[in-house]
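Report on the following structure.
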Amino acid sequence: GVLAAASAREETRGCHVRHDRPERDDRIWQRSQTVRLNPSGQPVLTDPILERAA
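1 is the number of the first residue of the sequence shown in full-length UniProt numbering; add one for each residue after it.
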């Protein structure tokens with residue numbers, strides 16, 4: 001699950017460094033990802049967008 005979530009992230013954040021995308025993108029990626037296994041055992045990502053309090 002961790003590998004699937006890290007592979008899906010298209011930015012550098014924390015210890016997940018991407019040399020092809022060195023900048024953070026808070027507008028798109030400041031959210032939680034949930035990884036679940038489908039019936040065949042493959043990881044499936046869901047990206048609930050959490051609204052931040054003003």
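For every residue, glycine included, the Cβ atom is placed at its ideal position computed from N, Cα and C.
Item                                                                                                             : Value
Measuring only from the beta carbon, is His-19 closer than 7 Å to any heavy atom that is part of the ligand NAP? : Because no ligand of any kind appears in the structure shown, any question about the ligand NAP cannot be addressed here.
Out of Thr-12, Ala-4, Thr-34 and Glu-10, which one is the CA nearest neighbour of Thr-46?                        : Thr-34
What is the DSSP secondary structure of Arg-27, counted as helix, strand or coil?                                : helix
Among Cys-15, Ala-5, Glu-10 and Val-2, which has the Cα closest to the Cα of Asp-26?                             : Glu-10
Would the beta-carbon of Ala-6 fall within 8 Å of that of His-16?                                                : yes
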